[in-house]
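Peer 1:
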Amino acid sequence: MIETVTRKRIEILVDTPLVPRLLKHARDVDISGWSLIHVDAGGGRDGAWQQDDVTGAAAKTIILMIANENKAQALTEAIAPFLNSYRLLLTIGDVEVVRGEKF
Amino acid sequence: MIETVTRKRIEILVDTPLVPRLLKHARDVDISGWSLIHVDAGGGRDGAWQQDDVTGAAAKTIILMIANENKAQALTEAIAPFLNSYRLLLTIGDVEVVRGEKF
Amino acid sequence: MIETVTRKRIEILVDTPLVPRLLKHARDVDISGWSLIHVDAGGGRDGAWQQDDVTGAAAKTIILMIANENKAQALTEAIAPFLNSYRLLLTIGDVEVVRGEKF
Amino acid sequence: MIVDTLTSPVILFFVLGLFAAFVRSDLAIPEAFAKAMSIYLMAAIGLKGGIEVAESGFTVDLASAAVIGLLLSLLLPFLAFALLTRIGGLNRIDAGAVAAHYGSVSVVTFVTAKEILTGQGLSPAGYMVAVLALMETPAIISGLWLARRGQTSSDGGGLMHEVFANASVILLVGAFVIGMVAGKDGFEPVKPLFDTGFRGVLCLFLLDMGLIAARRLIQSKKLNARLVVLAIVLPLINGSIGVLAGTLIGMDVASAATLGILAASASYIAVPAAMRMALPEADPGIYLSMSLGITFPFNIIIGITLFTQLAGLMG
Amino acid sequence: MIVDTLTSPVILFFVLGLFAAFVRSDLAIPEAFAKAMSIYLMAAIGLKGGIEVAESGFTVDLASAAVIGLLLSLLLPFLAFALLTRIGGLNRIDAGAVAAHYGSVSVVTFVTAKEILTGQGLSPAGYMVAVLALMETPAIISGLWLARRGQTSSDGGGLMHEVFANASVILLVGAFVIGMVAGKDGFEPVKPLFDTGFRGVLCLFLLDMGLIAARRLIQSKKLNARLVVLAIVLPLINGSIGVLAGTLIGMDVASAATLGILAASASYIAVPAAMRMALPEADPGIYLSMSLGITFPFNIIIGITLFTQLAGLMG
Amino acid sequence: MIVDTLTSPVILFFVLGLFAAFVRSDLAIPEAFAKAMSIYLMAAIGLKGGIEVAESGFTVDLASAAVIGLLLSLLLPFLAFALLTRIGGLNRIDAGAVAAHYGSVSVVTFVTAKEILTGQGLSPAGYMVAVLALMETPAIISGLWLARRGQTSSDGGGLMHEVFANASVILLVGAFVIGMVAGKDGFEPVKPLFDTGFRGVLCLFLLDMGLIAARRLIQSKKLNARLVVLAIVLPLINGSIGVLAGTLIGMDVASAATLGILAASASYIAVPAAMRMALPEADPGIYLSMSLGITFPFNIIIGITLFTQLAGLMG
Ligand SMILES: Nc1ncnc2c1ncn2[C@@H]1O[C@H](COP(=O)(O)O)[C@@H](O)[C@H]1O
Ligand SMILES: Nc1ncnc2c1ncn2[C@@H]1O[C@H](COP(=O)(O)O)[C@@H](O)[C@H]1O
Ligand SMILES: Nc1ncnc2c1ncn2[C@@H]1O[C@H](COP(=O)(O)O)[C@@H](O)[C@H]1O
Ligand code: NA
Ligand code: NA
Ligand code: NA
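Respectively, the protein sequence lines represent chains Y, W, R, U, S and H. For the record, in the first sequence the residue sitting at position 28 is 40 according to my numbering, with numbers rising by one throughout. For the record, in the second sequence the residue sitting at position 53 is 65 according to my numbering, with numbers rising by one throughout. For the record, in the third sequence the residue sitting at position 89 is 101 according to my numbering, with numbers rising by one throughout. For the record, in the fourth sequence the residue sitting at position 37 is 784 according to my numbering, with numbers rising by one throughout. For the record, in the fifth sequence the residue sitting at position 114 is 861 according to my numbering, with numbers rising by one throughout. For the record, in the sixth sequence the residue sitting at position 208 is 955 according to my numbering, with numbers rising by one throughout.
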């Protein structure tokens, strides 16, 4: 049987123009990798939006990162102050991974 | 340390034309927000499909919603009758969020 | 109350040209369905990449599969040998589903 | 004459698409671009139809063509429904959904027919674009009524909205009105894009439609021999009715042929989405495979030529 | 004259887009295609401007137009900021963000104005494209300075990079330089795409902009009566200042009108993305709704005609 | 003559793309649109080649060009493999994967060369399009054989399928056949799109290729000095061999130059995807950076001119 370990699956929904800023925070806490998932549309307290390549400003993206608990904790602390002003949605779940030393 | 609480991460894979109908159910149980994730292709018992903007009918979308346990429960009850006839795929997982009162 | 059971949510991030090969492994262990989620960009030890339809080779995709524990385990065993050479990212989480006999 | 059709680049690109899908090539047209081409094609034919009507004015011919188109869209589903339940063995829900597709029309079949007819010196009347727009959505009402008979649908307002505010209806009618307002002179500056580029875009679009139709057929698990036969018999019957109706109300040969082709064609844009929404229990594997996988290629390759000859015989 | 404008297909497609969104039609232009069209439009006007300047050479007129354009982009945000805080009731952050939009310009408004003016025999000077490019980003600096006054921003380098390496600036200036290097002869082989197809593409693009503007307005929850009024008053004031400035430095009527229209227009491409990045606390619901939902349609339908007539009166 | 090349808008747009990526501009062409342009370009050159062959007929020249093209694609990887393992220090797997790229060809390099040559009055023969299609995939077989020597690959059928049903092979050959069937007259109605618009689209496509090539170079972490040198030496050697071979079998100057450019070019569409599938252990960072990041820009800016002059000297 393959050995697996538990890591954190971090999902951040963010306005596309802010992605570079969040990736900087992720690098600062030594998270080694990230993937951007395409979001087509959404809605919340502030009304609805659609992906919109023309103006760009209304587009949102999900940043997906797998990291160990410490890094996930550090990232949460780092971006908590901006959660409101940047209108971020941050969720953290548990996943099993093979070769956990990568994360 | 930032305080987090556990919420439900609801994922519904659904034919794109049915999205408005499911969002109506979500609003009815007071779920405050939702995001649509782009699905490119898939396969199952009914054969394979690809995203297809021309006819539209063959496209599928993932509806992602974060909600507290009660609302997730209420949503499941509300859409359970249609799971088969609408060919929905519904999964519910646990995630940690900051400022849980939002959901 | 609707009865739910726990199943595995398997997420594999993979170079798009390798998707058919992985789906073959999934079929071999009798996983009944899969969905491909669109990834726009990413970064890791090997540098950054963007979705790129022109050359195609640089594109990545997430394969999402819901399966029971045994099948998830079997899939992990089947693809573990390639995790490194194919540069795969494999995560497995728990989710609740309705009508678990489907998976 | 079928040889003429089959050596036109437009049709050859469609055949290339079918071929590529059948040999499992990875050739694919980006969906955003295919959608963009379909919007372009609808805007272009809407504009051209509007300009022609601006020249010729509203006539009795136009009015009678509009009425006959509406009636065909509303009534053809009843015939289709009977055949689909009795011969096809479908239940009421599935049969109603399929019937709506065969009452409605295929924009690309219309456009291809118009190109091929025009290439043979047979130009259908400009107002046929308006007839096309009129025939798109009424069949949805008939199909739903057949599927739900007895049960009152709670969503009448939503349905009416779908019939009138459907994307292709808005675009066709909107461009038609713009064409009428702008007229020939107003059209001049935009002509290079909408007129000159038209056939080339149609080639690329049919390449994609060939891929989509063949992939739909390959991936389908829902077709049986009876449904395949019906997907060829229904366009034959509906098309003949259309040609006959057009000839009876005194249309010229090209317009009667076009009406036949409209009647023979089955929707794969407006109706599938509407059915998925309004009749989610109906199986999309059935209606898409029949209309897109069989009837569409049949009409492009054989139907257009056939109904043109039929109209020639009757006219 | 406003009737002339309103019956041009370009404007009619914009109105069709507004209409489709207001009746909640599902009509949608794929985003990738809309983005492609905006790239095409910018490349095309850049090229054409460069070729015209290659013919006419660098002149004093060009230099003075460039200086006045730069100044307008830098200074108009101050006036806007004052009105937005005092009348609009916005806080400093939001007011600075909105002010930056009104100092900057809208490429599509420019292109549409150029088409309409040219259709009336009034061709603005070729170097106005360079003025357009120059006016795009300086307003970002002013807006940020207004929003952050007192607080030193840590990200000065990033800001300068945004001002000079912004996608639309690079594309407009790049295509302008290519046009100057290639000249009229070098342009000849690429002319069919960039010149002949131009107006048709503009129609389809404005159809999309109509949809986007109206949907923005419908989905917005952030507008109040004062902000709506300001979104009409600001272009009126800025546009008049622009026409006046152009006339004072001796521009011809068409160029002065164009300068007015540039001043009146508000950015919805370069500036929103820059503001989201540099001022994430500012509310995008406010600035996008004002610039895209109100000012943009106002300028397309009324502003272009108005400032052209004003320039005629002053000139 | 290199100055002529460098002031053509087509090349200038490529340089603009490189520049924008190097200054880290956020300029980006939507991928769906770039893919659509590449499909358009392949359909257009396929059609034009087919029409020319329909005019000139199948000739001995065509047959010998086809044979020499096939041989080059099959054999050039062996030379490349030797240099990549000995000088480049790559292992067998990576060297085989890279070698396959250099045996295959770049469609865009071909198209750009054809445009530039034609602009100088040197039209390569129509059948060179067929040679292009023939050279695309055989190198995959050689590259895999080199990488896997001794080990039997289990996937022979999949490989043959990739060689013959590859998207660009199907599209080029399909459009070529359509061009032959339709002939000059059949092409007339679709000419505005496929012929007249061609150069303009090529400009926009090369803008995107410039962005992609430069970003690939910037993001690459896999290149070292030896690989960079090889990415320039390999096209020099292969191109010279190609020009020589073309001259020896009696090709005209333009066609021999084109054969040299084909030999010099490296694939970045068909082969990378095939290698990722058939040789997943090979590092895509190496082969994409070499072929797309270095060899492609080298050929566009320098190679095309160089091999044209070489062909002139030899011919
Ligand atoms: N509960 C939720 N689940 C999923 N996505 C959400 C949720 N709440 C908000 N969002 C997303 O976040 C965006 C901004 O939310 P809000 O700040 O509430 O307007 C929305 O448009 C959605 O895309
Ligand atoms: N086990 C699964 N995991 C992920 N996606 C699935 C699964 N089963 C079905 N799907 C998705 O749901 C669609 C319909 O499934 P089915 O009803 O089984 O044909 C498929 O085409 C997939 O996109
Ligand atoms: N920790 C991570 N979380 C999310 N995605 C990752 C992570 N690490 C790697 N990736 C993705 O996998 C790709 C290859 O990673 P690597 O092999 O580290 O270069 C990256 O470009 C990302 O898209
Ligand atoms: Na019909
Ligand atoms: Na302005
Ligand atoms: Na080569």
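The C-beta atom is built at its ideal place from N, Cα and C for all residues, glycine as well.
1) Residues of chain R with a CB under 8 Å from the CB of I959/H: which are they?
2) How long is the line joining the alpha carbons of M13/R and A70/Y, rounded to whole angstroms?
3) Hey, which unbroken runs of the alpha helix (DSSP H) at 4 residues or more fall wholly within the segment 995-1030 of chain S?
4) Which whole-angstrom value is the C-beta distance of I1065/S and K931/S, which I expect to be below 8 Å?
5) Which one of G997/S, G993/S, Q966/S, G873/S has the shortest CA to CA distance from W61/Y?
6) Show which residues of chain U have a CB atom less than 7 Å away from the CB atom of V937/H.
7) Quick one: which chain R residues come within Cβ less than 8 Å of E89/W?
8) If you draw a straight line from the alpha carbon of G850/S to that of V910/S, how long is it in whole angstroms?
9) Looking at I758/H and I863/H, is the spacing between their C-beta atoms short of 9 Å?
10) Name the chain W residues whose beta carbon is nearer than 7 Å to that of K968/U?
11) Per the contact definition of three or more C-beta pairs closer than 8 Å, is the segment 767-784 of chain U in contact with the segment 949-967 of chain U?
12) List the residues of chain Y that S785/S touches, going by C-beta distances under 7 Å, in chain order.
13) Starting from the C-beta of A1004/U, find all residues in its chain whose C-beta is less than 6 Å away, skip the five residues before and the five after it, and write them out in chain order.
14) Among P824/S, L891/S, S820/S, L869/S, which residue has its Cα nearest to the Cα of L881/S?
15) For the segment 43-55 of chain R, list every residue whose C-beta sits within 7 Å of some C-beta in chain Y, in sequence order.
16) Is the Cβ-Cβ distance between G735/U and L1006/U less than 9 Å?
17) Can you tell me the Cα-Cα spacing of G764/S and V948/U, whole angstroms?
18) Taking T73/Y as the query, report the chain R residues whose CB atoms sit under 8 Å from its CB, ordered along the chain.
19) Around the Cβ of F805/S, are there at least 16 other Cβ atoms within 10 angstroms (buried) or fewer (exposed)?
20) Along the chain, where does the alpha helix (DSSP H) containing Q966/S start, and where does it finish?
21) Using CA coordinates, which residue listed in A812/U, Y787/U, P756/U, F761/U is at the minimum distance from M998/U?
22) Would you call L1026/U buried or exposed, if buried means 16 or more other Cβ atoms sit within 10 Å of its Cβ?
23) Quick one: what does DSSP say E15/R is sitting in, helix, strand or coil?
24) L95/Y versus chain W: which residues are under 8 Å apart at the beta carbon?
25) State yes or no: is the C-beta of M77/R nearer than 8 Å to some heavy atom of ligand 2?
26) Among I78/Y, W46/Y, D65/Y, E113/Y, whose alpha-carbon lies nearest the alpha-carbon of A779/U?
27) Please list the terminal residues of the continuous alpha helix (DSSP H) segment that includes T865/S.
28) Does the Cβ of I834/S have 16 or more other Cβ atoms within 10 Å, making it buried, or fewer, making it exposed?
29) Just to make sure I have the definition right: I need the residues of chain W whose C-beta is within less than 8 Å of the C-beta of T103/Y. Which are they?
30) Output needed in chain order: residues of the segment 1002-1029 of chain U with a Cβ under 7 Å from some Cβ in chain W.
31) Where do the N-terminal and C-terminal ends of the alpha helix (DSSP H) with M789/U fall, by residue?
32) Starting from L76/Y and walking both ways along the beta strand (DSSP E), at which residues does that stretch end?
33) Measuring straight from C-alpha to C-alpha, what distance separates L954/U and A827/H?
34) Opposite R21/R in the DSSP bridges: which residues?
35) Does I888/H come out as helix, strand or coil in the three-state DSSP assignment?
36) With which residues is L48/Y paired in a DSSP beta bridge?
Peer 2: On the basis of the data shown:
1) Near I959/H (Cβ distances below 8 Å), the residues of chain R are D64, V66, T67.
2) Each residue's CA atom was taken as its position, placing M13/R and A70/Y some 39 Å apart.
3) Whole alpha helix (DSSP H) segments, 4+ residues: 1000-1011, 1017-1025.
4) Outside the displayed span of chain S (748 to 1062) sits residue 1065/S, for which this structure offers no information.
5) Ranking G997/S, G993/S, Q966/S, G873/S by Cα distance to W61/Y puts Q966/S first.
6) By Cβ distance, chain U contributes P756, R946, G947, C950.
7) M13, I14, listed in chain order.
8) Counting only the Cα atoms, V910/S lies some 13 Å from G850/S.
9) Yes, the Cβ-Cβ distance between I863/H and I758/H is below 9 Å.
10) For K968/U, the neighbours in chain W by C-beta distance under 7 Å run, in chain order, D58, G59.
11) Segments in contact, yes.
12) Residues of chain Y with a Cβ closer than 7 Å to the Cβ of S785/S are, in chain order, V66.
13) Only F1054, T1055, A1058 meet the Cβ criterion.
14) Selected option, being the one with the closest Cα: S820/S.
15) Residues of the segment 43-55 of chain R whose Cβ lies closer than 7 Å to any Cβ of chain Y, in chain order: I49, H50, V51, D52, A53, G54, G55.
16) Nothing about residue 735/U can be read from this structure; chain U reaches only from 748 to 1062.
17) One C-alpha to the other measures close to 23 Å.
18) Result: D52.
19) Counting of Cβ neighbours within 10 angstroms places F805/S among the exposed residues, the total staying below 16.
20) Looking at the DSSP string, the run of the alpha helix (DSSP H) that includes Q966/S is 945-966.
21) The shortest Cα separation from M998/U among A812/U, Y787/U, P756/U, F761/U belongs to A812/U.
22) L1026/U counts as buried, since no fewer than 16 other beta carbons sit within 10 angstroms of its beta carbon.
23) Of the three classes helix, strand and coil, the one that applies to E15/R here is coil, per DSSP.
24) Ordered by position in chain W, the residues that pass the 8 Å Cβ test against L95/Y are V110, R111.
25) With a cutoff of 8 Å, M77/R counts as near ligand 2, since its C-beta is closer than that to a heavy atom of the ligand.
26) Nearest C-alpha to A779/U: D65/Y.
27) According to the DSSP assignment, T865/S belongs to the alpha helix (DSSP H) that extends over 854-866.
28) By the neighbour-count rule (16 or more Cβ atoms within 10 Å), I834/S is not buried but exposed.
29) Within chain W, the residues R19, R21, I78, V107, E108, V109 have their CB atoms less than 8 Å from the CB of T103/Y, given in chain order.
30) Among the residues of the segment 1002-1029 of chain U, those with a Cβ less than 7 Å away from any Cβ of chain W are Y1015, I1016, P1019, A1020, R1023, M1024, P1027, E1028, in the order of the chain.
31) Its alpha helix (DSSP H) spans residues 778-803.
32) Run containing L76/Y: 72-79, per the beta strand (DSSP E) assignment.
33) Distance from the CA atom of L954/U to the CA atom of A827/H, rounded to whole angstroms, is 37 Å.
34) Paired residues: I78/R, G105/R.
35) I888/H falls in the helix class under three-state DSSP.
36) I75/Y, A53/R, per the DSSP bridge assignment.
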